[in-house]
Amino acid sequence: MSLHFLPAMIISITILILLLAIALKRAHNLAYVITGLGLIGAFFSQCILLYLPNSSDGLFAFSPVSSLLSLLMLSILIFLWLQLYAWLAKQKGHKEEFYLLLLLVSLGALGMIVSEHFASFFLTLELMSLSFVGLIAYSQDKPVSQEAGIKYLVLSAVASAFILMGIAILYLQTGSLAFEQVTNEVSSSSSIPLLSTTGIIFILIGLFFKLSMVPCHLWVADIFQGAPLPSTALLSTISKLASFVVLWKMFNLGGWQHDHIILEIIGLVAVASMLIGNLLALLQNNILRILAFSSISHFGYLLILLLLFNQDADLLENAEFPLEALIFYLSAYLITLTGTFTVLMQLEGKTKLEQLTGLFWTRPLHAASLSVLMLSLAGIPLTIGFMGKFYLVTATISNQVLWPLPFLVIASVIGLFFYLRIIMVMLSSINQVERSSASTTGERASLWFIIAVVMGLGTFPAFFAEIIKHTVR
Amino acid sequence: MIETLWVIILSFSLFAIGIFGLISRRNLLFILLSLEIMLNGIILLFVAASNLHGNNDGQIMYLLVLTLAASEVAVGLALVIQIYRQQQNLDVDTLTKLRG
């Protein structure tokens, strides 16, 4: 039993304690405090484990990179947890189980980031997605959330069936379930056998469903709109982070990039996601639907980076640069998205665009932070989103994969339109100024924190970039 | 002893039947059933591959997939009951409250 399991152990113990606490005494404050202590404990133990050497036990493999990604995930979880109490207090029905499901999701995602065996990958994936069904269908006074829940259930079941079929085919070909052994067997032969290609395509389709890339993006906007806001925030950050890490791990280990069929599929999906995601977002009137479609296009940009691993051309003479770019872009995007959902949660479910009209005159701080976040999503300089995009383009150019760049530019220009439209709506003047409830100190502090992080890391990215560089080496 | 090839063909046909049912059926219960058929096809492939290679990994995966199938149905049926209470039928085409 290595020390590396400490964060996951802390979260498991917290889950058990929380279960007992709910059985003995139902109290919202108690569940909130227990969850927070567990998450913060896991965060600090992960901090200590950050620079331990690599270790692997066949099912899970730990490295500084996976520790950094877990750290990013835990900090997002803690930030969302801080907002959760005020949001849940306004809801009807039982509130304690929401924390339980949140912890189960974080346990699943933590395991998924470090998994290196198909059995552990599959178990943690299911732990995460089945808990998400509960989180999405949680709201009792909102009938649409059940509809979103059943849609997510069917989607995730199809995705896991495809992933399992891919695993079974790879197992049939190689006789092993460990990531490394499978990829070694496959890449040791001179050309990748057709059966393995089929298997990896099945797994890719499943992961594309999880990441809602373009041919598999049906219903994703419905799920975003129907689910309770914190669940949507978790779904769009934690679940996508974990799925993308697995995708990266498979591409980093194996020589899948040298198979032209897989290369073409990834390229097509990336370009289609960028363009179609942004085009679909143009005419939406709900900010959650806009975020759903913009997340499709952001993961389209990220998918380009997968093509860069194990490439020969390298102008920067830094073989780890694509990985640095990947971590930077993922963190930039996820931090921005977490901030956006925080603002939306504080606006008490005002998600339609017309409800945001004149927000600058009624709640200036909320409107200002939402504008900064939208600019960051669009990739305007002085925000963290711009630095992420800068990294991505630099990595693409240095590895001489130039063909996706025109599509990236076109998609970003389309994206600007609807991000700026949200800001325009908030700026438009209204006749009667309704007095809105004053925001609490905690709310204001979190908003200033979001603005500081997004603008600060966008203006002075060196600090964050050094951490990533140090970890990747 | 049945040849592995036939088992593989059977498993792929079960998977294809499952996908077809998923796409063509409109009733939520039948969609859940189709998912089960897909999972059964996968289980069969795992067991066949395990037999072919002579190691037990596939049989462990069989147990894990079976657990997944059970828990998925448990969660799914709970939601199906909720949906039925809301709209008195289980047609997926009527699940259209969420439109942008």
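Sequence order for the protein chains is A and B.
FYI, the numbering for the first sequence is 132 to 604, going by my numbering.
FYI, the numbering for the second sequence is 11 to 110, going by my numbering.
Glycine included, each C-beta is placed from N, C-alpha and C at the ideal position.
Assuming residue 207/A and residue 369/A are in contact, meaning their beta carbons sit under 8 Å apart, how far apart are those beta carbons, in whole angstroms? Position 76 of the first sequence, counted from the start, is the residue given in the question as residue 207/A. Position 238 of the first sequence, counted from the start, is the residue given in the question as residue 369/A. About 7 Å separates the CB atoms of residue 207/A and residue 369/A; that is less than 8 Å, so the two are in contact.
Hey, is residue 76/B's beta-carbon within less than 8 Å of any beta-carbon in chain A? The residue labelled residue 76/B in the question sits at position 66 within the second sequence. False, the Cβ-Cβ gap to chain A never drops below 8 Å.
Since residue 141/A and residue 172/A are thought to touch, with beta carbons under 8 Å apart, how far apart are those beta carbons, to the nearest angstrom? Stepping through the first sequence from its first residue, residue 141/A is reached at position 10. Stepping through the first sequence from its first residue, residue 172/A is reached at position 41. At roughly 5 Å, the Cβ-Cβ gap stays under 8 Å, so residue 141/A and residue 172/A are in contact.
Exposed or buried, what is residue 380/A when buried is set at 16 or more other beta-carbons lying within 10 Å of its beta-carbon? Your numbering for residue 380/A matches position 249 in the first sequence. Buried, by the Cβ-count rule.
Which complete alpha helix (DSSP H) runs does the stretch 274-317 of chain A hold, if anything under 4 residues is left out? Runs found: 275-305.
For residue 339/A, does the count of other Cβ atoms within 10 angstroms reach 16, so buried, or fall short, so exposed? Position 208 of the first sequence, counted from the first residue, corresponds to residue 339/A. Its Cβ being crowded by 16 or more others within 10 Å, residue 339/A is buried.
Collapsed DSSP secondary structure at residue 268/A in the structure displayed: For the purposes of this step, residue 268/A is identified with residue 137 of the first sequence, where counting begins at 1. Three-state result, residue 268/A: coil.
Measuring only from the beta carbon, is residue 439/A closer than 7 Å to any heavy atom that is part of the ligand NAP? Absence of the ligand NAP from the depicted structure is noted, as is the absence of any ligand whatsoever, leaving it without description.
Show which residues of chain B have a CB atom less than 7 Å away from the CB atom of residue 239/A. On the first sequence, residue 239/A is found 108 positions in, with the first residue counted as 1. The premise fails here: residue 239/A is roughly 13 Å from chain B at the closest Cβ pair, so nothing lies under 7 Å.
Can you check DSSP and say which residues form a bridge with residue 483/A? One-based indexing of the first sequence puts residue 483/A at position 352. 417/A.
Which chain B residues are close to residue 324/A, counting only those with a beta carbon under 9 Å from its beta carbon? Numbered from its first residue, the first sequence carries residue 324/A at position 193. Counting only Cβ-Cβ distances below 9 Å, residue 324/A has no contacts in chain B at all, with the closest Cβ about 14 Å away.
So, at 7 Å on beta carbons, what are the nonlocal neighbours of residue 513/A in its own chain, with the 5 sequence-adjacent residues on each side left out? Taking the first residue of the first sequence as position 1, residue 513/A is located at position 382. Beyond the five residues adjoining it in sequence on each side, residue 513/A comes within less than 7 Å, by CB distance, of 586, 589, 590 in the same chain, given in chain order.
According to DSSP, is residue 192/A part of a helix, a strand, or is it coil? Within the first sequence, numbered from 1, the residue matching residue 192/A stands at position 61. In the structure shown, residue 192/A sits in a strand (DSSP, three-state: E or B).
I'd like to check one pair, residue 367/A with residue 422/A: are the Cβ atoms closer than 8 Å? The residue labelled residue 422/A in the question sits at position 291 within the first sequence. The residue labelled residue 367/A in the question sits at position 236 within the first sequence. The answer is yes: Cβ separation under 8 Å.
As assigned by DSSP and simplified to three states, the class of residue 390/A: Taking the first sequence and counting its residues from 1, one reaches residue 390/A at position 259. In the structure shown, residue 390/A sits in coil (DSSP, three-state: anything other than H, G, I, E or B).
For the putative contact between residue 327/A and residue 317/A, defined by C-beta atoms under 8 Å, what is the C-beta separation to the nearest angstrom? The residue you call residue 327/A lines up with position 196 of the first sequence. The residue you call residue 317/A lines up with position 186 of the first sequence. Right, their Cβ atoms sit about 5 Å apart.
Within 8 Å (strictly less), CB to CB, does residue 289/A reach chain B? Translated into positions along the first sequence, residue 289/A becomes position 158. Interface criterion met: the Cβ of residue 289/A is under 8 Å from a Cβ in chain B.
Contacting residues, own chain, Cβ-Cβ under 8 Å from residue 509/A (five flanking each side not counted): Residue numbering aside, residue 509/A sits at position 378 when the first sequence is read from its first letter. If we look at residue 509/A and ignore the five residues flanking it on each side, its Cβ neighbours are 516, 543, 546, 547, 550, 551.
Counting pairs of Cβ atoms below 8 Å between the stretch 244-261 of chain A and the stretch 272-281 of chain A, do you hit three or more? They do not touch, by the three-pair rule.
To the nearest angstrom, how far is the alpha carbon of residue 390/A from that of residue 323/A? For the purposes of this step, residue 390/A is identified with residue 259 of the first sequence, where counting begins at 1. For the purposes of this step, residue 323/A is identified with residue 192 of the first sequence, where counting begins at 1. About 7 Å.
Can you tell me the Cα-Cα spacing of residue 203/A and residue 226/A, whole angstroms? Position 72 of the first sequence, counted from the first residue, corresponds to residue 203/A. Position 95 of the first sequence, counted from the first residue, corresponds to residue 226/A. For residue 203/A and residue 226/A, the distance between alpha carbons rounds to 26 Å.
Which class does residue 248/A belong to by DSSP, given the choice of helix, strand or coil? Here residue 248/A corresponds to residue number 117 of the first sequence, with the count starting at 1. Correct three-state label for residue 248/A: strand.
To the nearest angstrom, how far is it from the Cα of residue 560/A to the Cα of residue 487/A? Counted from its first residue, the first sequence places residue 560/A at position 429. Counted from its first residue, the first sequence places residue 487/A at position 356. Their backbone Cα atoms lie some 11 Å apart in a straight line.
Where does residue 37/B fall in DSSP's three states? Here residue 37/B is taken as the residue at index 27 of the second sequence, counted from 1. Taken through DSSP and simplified to helix, strand or coil, residue 37/B comes out as strand.
Kindly identify the DSSP beta-bridge partner or partners of residue 559/A. Locating residue 559/A in the first sequence gives position 428, counting from the first residue. Paired residues: none, contrary to the question.
Could you name the residues that DSSP lists as bridge partners for residue 103/B? In the second sequence, counting from the first residue as 1, residue 103/B sits at position 93. Residue 103/B pairs with nothing; no bridge assigned.
Could you list the residues in the stretch 246-257 of chain A with a C-beta less than 7 Å from some C-beta on chain B, going in chain order? Under the 7 Å Cβ criterion, the stretch 246-257 of chain A contributes 250, 253, 254, 257.
Pick from 383/A, 160/A, 285/A: whose alpha carbon is nearest that of residue 349/A? One-based indexing of the first sequence puts residue 349/A at position 218. The residue with the shortest Cα to Cα distance from residue 349/A is 285/A.
What are the boundary residues of the alpha helix (DSSP H) that includes residue 601/A? Numbered from 1 along the first sequence, position 470 holds the residue referred to as residue 601/A. Where residue 601/A is concerned, the enclosing alpha helix (DSSP H) stretches over 593-603.
Could you check if residue 483/A is buried or exposed, using at least 16 other CB atoms within 10 Å of its CB as the buried criterion? Looking up residue 483/A in the first sequence gives position 352. Residue 483/A is classed as exposed because its beta carbon has fewer than 16 other beta carbons within 10 Å across all chains shown.
Starting from residue 575/A, follow the alpha helix (DSSP H) in both directions and report where the run begins and ends. Locating residue 575/A in the first sequence gives position 444, where the first residue counts as 1. Where residue 575/A is concerned, the enclosing alpha helix (DSSP H) starts and stops at 572-590.
Can the beta-carbon of residue 177/A be found less than 8 Å from the beta-carbon of residue 93/B? Mapped onto the first sequence, residue 177/A falls at position 46. Mapped onto the second sequence, residue 93/B falls at position 83. Cβ atoms of residue 177/A and residue 93/B: not closer than 8 Å.
Whether residue 335/A touches residue 371/A by CB criterion (8 Å): Your numbering for residue 335/A matches position 204 in the first sequence. Your numbering for residue 371/A matches position 240 in the first sequence. Cβ atoms of residue 335/A and residue 371/A: not closer than 8 Å.
How would you list, in chain order, the residues of chain A whose beta-carbon sits under 7 Å from the beta-carbon of residue 101/B? Mapped onto the second sequence, residue 101/B falls at position 91. For residue 101/B, no chain A residue has a C-beta closer than 7 Å to its own C-beta; the minimum C-beta separation is roughly 12 Å.
Starting from residue 11/B, trace the alpha helix (DSSP H) in both directions and tell me its first and last residue. The residue you call residue 11/B lines up with position 1 of the second sequence. Unbroken run through residue 11/B: none, as it is neither H nor E.
Quick one: list the residues of chain A neighbouring residue 15/B, beta-carbon separation under 8 Å, in chain order. Along the second sequence, one-based indexing puts residue 15/B at 5. Ordered by position in chain A, no residue passes the 8 Å Cβ test against residue 15/B, which lies about 11 Å from the chain.
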